[in-house]
Amino acid sequence: MAYDKFKVLSSTAVPLPIENVDTDQIIPARFLKATERKGFGDNLFRDWRYQSGNTPKEHFVLNNPIYSGKILVGGKNFGSGSSREHAAWAIYDYGFRCVVSSFFADIFRGNCMNIGVLPVQVSSNFLTKIFEAIEADPNTEFEVNLPEQTFTIKTTGEKESFEINDYKKENLLNGFDDIDYLLNIKSEIESFAKDTPL
Amino acid sequence: MKKTLFDKVWDSHLVQKVLNGPDVLFIDRHLVHEVTSPVAFLGLKNRKIKVLYPERTFATADHNTPTINQHLPVKDPLSANQLRALEQNAMEHQIPYWGLGHEKNGIVHVIGPENGITLPGSTIVCGDSHTSTHGAFGAIAFGIGTSEVEMVLATQCIMQPKPKSMLITINGKLNNAVTPKDVALYIISKLSTSGATGYFVEYAGDVFKQMSMEGRMTVCNLSIEMGARGGMIAPDEKTFEYIKNREYTPKGEAWIKAMTYWETLFTDNDSVFDREITFNGEDIEPMITYGTNPGMGMGISGGIPKSDAIEGGASTYKKSLQYMNFEEGDNMLGKEIDFVFLGSCTNGRIEDFRAFTNLVKGRQKAKNVTAWLVPGSHKVEDAIKKEGLLDILNKAGFELREPGCSACLAMNDDKIPAGKYAVSTSNRNFEGRQGPGSRTLLASPLVAAAAAVTGKVTDPRELMVVEIA
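Chains A and B, in that order, give the protein sequences.
The first sequence begins at 1 in my numbering and counts up by one.
The second sequence begins at 199 in my numbering and counts up by one.
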């Protein structure tokens with residue numbers, strides 16, 4: 001599915017300084033019953049965000065109006081566990097376009113890139129600086145620059161570069177997807193399949 | 199050139215290398231279930247394309263299905279809708295579909311091997327992270343997201359950067375009551391849940407050589423819990439014996455031809471891995487988890503580690519113990535529990551039911567315990583009945599449910615209530631994984647059985663008669 005192009009994003013950020021945030025927290029399994037990609041943002045971090053009824057838990061960051069923005073900043077090993085792409089959908093549907101952490105789980109990172117959410121991996125020192133900047137001032141702006149592959153704390157000018165392979169970078173810059181690429185080499189795949197018995 | 203087992207299988211499925219990008223990998227077999235596939239099929243519809251190789255695709259219903267009264271219509275309208283969508287998609291694209299009530303129905307990672315879909319040297323994907331299970335046969339098998347499910351349906355290929363390689367060797371002999379589940383929980387407790395992220399693991403050494411195929415599946419299944427995309431074990435006589443004559447395995451000439459390939463599937467001497475780790479089998483005791491990720495595991499006779507002895511964030515660690523309502527330094531033995539869950543793609547096979555039954559035989563389920571025994575498939579269910587295990591279980595106060603993923607992820611009604619403790623043979627103890635507010639202690643079928651009859655965390659060795667060989 002085609003998705004939004006990603007070039008440069010300037011935004012405030014929402015801090016979630018917890019390690020090992022697993023995809024069951026991002027979206028619990030009982031909310032995976034849709035047959036269309038709609039409405040997952042409502043249940044993003046459902047059980048951290050709401051009491052067993054629908055009362056918001058005041059202390060949770062998404063319920064704190066001083067924090068907002070299109071960037072979600074999480075602790076180390078973000079997105080571990082289940083392969084559910086619904087976790088990335090929920091993050092996107094809520095309005096985030098970029099997730100920052102010092103370490104990502106593999107499948108989650110891939111899922112994000114496949115739907116146009118940019119995972120930015122920074123050093124643990126820099127991650128601490130980002131959390132500190134938001135704590136000092138929740139209105140701190142950050143810049144995610146995909147062409148330059150940099151993440152900048154705009155108030156201090158401190159920046160760090162992040163890695164992404166050229167192919168995925170081109171895809172995200174242009175909103176291209178892997179399936180279109182593969183459909184273009186279909187004849188090559190078909191001849192490979194002929195030589196590969198079941 | 200010296201090649202690892204992983205390299206051999208990966209390289210033989212390489213369709214194309216994208217410059218400064220991922221590899222295009224051909225996928226031999228694609229397993230599909232009701233929860234992660236509907237949006238992928240919708241994608242095909244929007245692109246106006248069909249499944250490229252339906253004969254390489256297999257569909258089953260397992261994640262959201264009830265485990266009682268499967269002959270009745272599914273009550274939950276959302277689950278019923280997902281099941282209907284899978285059935286319709288399978289029909290439209292001519293994919294074999296083993297829905298509720300079908301004799302081959304069961305958990306996707308149980309029925310793959312059971313029916314001979316899982317073969318050595320093959321590439322297997324599924325929209326489920328525990329696809330790593332199939333690595334037990336020397337296959338490259340890993341979980342994928344829904345965009346990738348659509349990708350494989352449309353093109354039978356996936357775009358993946360080649361992961362780094364890790365070798366985990368365990369030599370020596372396992373102690374009494376130490377099962378494959380304990381071996382896996384031990385490794386994860388040493389490596390943490392992110393210790394193998396970015397790697398594909400090969401397991402080698404005496405312990406895995408001596409392990410049954412079902413045990414190997416349990417170990418490979420849990421590879422994802424240390425962050426690895428997958429884990430694999432070189433095929434051997436046990437592997438070939440297991441797959442021989444199953445429905446989808448090659449027969450006759452094709453078998454002989456396949457065997458010549460399969461026999462080349464081992465890591466060449468002096469191959470280089472990006473990382474190598476060695477453990478001793480003797481060091482492992484029955485394991486149990488005390489926290490909210492599978493890396494928070496310990497030998498059952500020990501105490502919960504202190505936060506200052508833990509690498510990384512103390513605040514995350516404390517939050518986790520708070521959720522569990524445990525204190526640092528607590529002993530796990532003797533803690534009262536409320537539920538026992540035997541099942542899942544990790545421990546829902548016949549050997550797991552044999553181990554559980556053996557221990558509860560002649561005893562009674564504790565009154566304070568609710569036990570859910572859920573076979574991984576109808577074939578497992580049939581074996582439980584045929585081998586007489588069900589009678590023993592019934593006499594001990596246990597009932598058997600119908601197959602499915604059940605309380606492992608609690609998408610159906612099998613939810614552990616808030617605040618309750620469950621000793622579970624499944625794979626994840628995340629907050630709320632088994633139901634909102636539920637508290638999970640991951641363990642082997644033996645530890646689960648010991649808890650089921652005593653009502654508390656109990657060392658199974660205390661209940662086991664030492665057999666003299």
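Every residue gets a Cβ at the ideal spot worked out from N, C-alpha and C, and that includes glycine.
Checklist entry - Short check: CB of B:I502 to CB of B:D481, under 8 Å? => result no
Item to check | Cβ distance (whole Å) where B:P484 is taken to contact B:D380 below 8 Å | outcome: 5 Å
Next on the checklist: Considering just the uninterrupted stretch of the beta strand (DSSP E) at B:N369, what are its terminal residues?
Outcome noted: 362 to 369
Checklist entry - Which residue or residues does DSSP assign as beta-bridge partners of B:F537? => result B:T568, B:A620
Next on the checklist: Give me the residue from B:A553, B:G630, B:M289, B:V216 with the minimum Cα distance to A:I185.
Outcome noted: B:V216
Checklist entry - Anyone know if the C-beta pair for B:F471 and B:S363 falls short of 8 Å? => result yes
Next on the checklist: Quick check on B:N478: does DSSP put it in helix, strand or coil?
Outcome noted: strand
Checklist entry - If A:D47 sits next to A:P28, beta carbons under 8 Å apart, how far is it from one beta carbon to the other, in whole angstroms? => result 6 Å
Item to check | Length at least 4, wholly inside the stretch 458 to 516 of chain B: the alpha helix (DSSP H) runs in chain order | outcome: none
Next on the checklist: Can you give me the C-alpha to C-alpha distance between A:F103 and B:P361, rounded to a whole angstrom?
Outcome noted: 16 Å
Checklist entry - Applying a beta-carbon distance threshold of less than 8 Å, which residues of chain B neighbour A:F267? => result Past the edges of chain A, shown from 1 to 198, lies residue 267 of chain A, and the structure says nothing about it.
Checklist entry - What distance in whole Å lies between the Cβ atoms of B:P294 and B:A257, which are believed to be in contact at a cut-off of 8 Å? => result 7 Å
Checklist entry - Run through DSSP, which three-state label would A:Y167 get? => result helix
Checklist entry - Given a threshold of 16 other Cβ atoms within 10 Å of its Cβ, counted over all protein chains shown, does B:D209 qualify as buried or as exposed? => result exposed
Item to check | Same chain, Cβ closer than 7 Å to B:A667, five either side skipped, listed in chain order | outcome: The pLDDT assigned to B:A667 is 46, lower than 50, so where the model puts this residue is not dependable; a value taken from the coordinates is nonetheless given after this. So the list is empty, once near-sequence residues are dropped.
Checklist entry - Per the contact definition of three or more C-beta pairs closer than 8 Å, is the stretch 11 to 18 of chain A in contact with the stretch 65 to 82 of chain A? => result yes
Checklist entry - So which of A:K70, A:K169, A:D24 has the shortest CA-CA distance to A:R97? => result A:K70
Item to check | Bounding residues of the beta strand (DSSP E) (the contiguous stretch that carries A:N64) | outcome: Here A:N64 belongs to no beta strand (DSSP E), and DSSP marks it neither H nor E.
Checklist entry - Under 8 Å between C-beta atoms, does B:F438 make it to chain A? => result no
Next on the checklist: Quick check on B:Y295: does DSSP put it in helix, strand or coil?
Outcome noted: strand
Checklist entry - Could one say the Cβ of B:D139 lies closer than 8 Å to chain A's Cβ atoms, at least one of them? => result Chain B is shown only over 199 to 667; residue 139 of chain B falls outside these bounds and no answer can be derived.
Item to check | Neighbour-count burial assignment, A:E135, 16 or more Cβ in a 10 Å radius | outcome: exposed
Checklist entry - To the nearest angstrom, how far is it from the Cα of B:R165 to the Cα of B:L587? => result Outside the displayed span of chain B (199 to 667) sits residue 165 of chain B, for which this structure offers no information.
Checklist entry - For B:P433 versus B:N625, is the C-beta distance shorter than 8 Å? => result no
Checklist entry - Buried or exposed: B:K583, going by 16 or more other Cβ atoms within 10 Å of its Cβ? => result exposed
Checklist entry - Name the chain A residues whose beta carbon is nearer than 8 Å to that of B:Y251? => result A193
Item to check | Distance between B:I431 and B:C543 (C-alpha atoms, nearest Å) | outcome: 18 Å
Checklist entry - When we look at the beta-carbon of A:N114 and count the other beta-carbons within 10 Å, is it buried (16 or more) or exposed? => result buried
Checklist entry - Whose Cβ in chain B lies nearer than 7 Å to the Cβ of A:R84? => result T234
Next on the checklist: Rounding to the nearest angstrom, what Cα-Cα distance links B:M357 and A:P65 in this structure?
Outcome noted: 40 Å
Checklist entry - What are the residues that DSSP puts in a beta bridge with B:D221? => result B:K215, B:Q358
Next on the checklist: In whole angstroms, give me the CA-to-CA distance for B:S575 and B:F239.
Outcome noted: 25 Å
Next on the checklist: Using a 10 Å radius around the Cβ and a threshold of 16 neighbouring Cβ atoms, would you call B:K533 buried or exposed?
Outcome noted: buried
Checklist entry - Thinking C-beta only, is B:T638 closer than 8 Å to B:A649? => result no
Checklist entry - Quick one: which chain D residues come within Cβ less than 9 Å of A:D24? => result Among the protein chains of the structure shown, namely A and B, there is no chain D.
Checklist entry - Hey, quick one: how far does the beta strand (DSSP E) through B:P601 stretch, first residue to last? => result Careful: B:P601 lies outside any beta strand (DSSP E) and carries neither H nor E.
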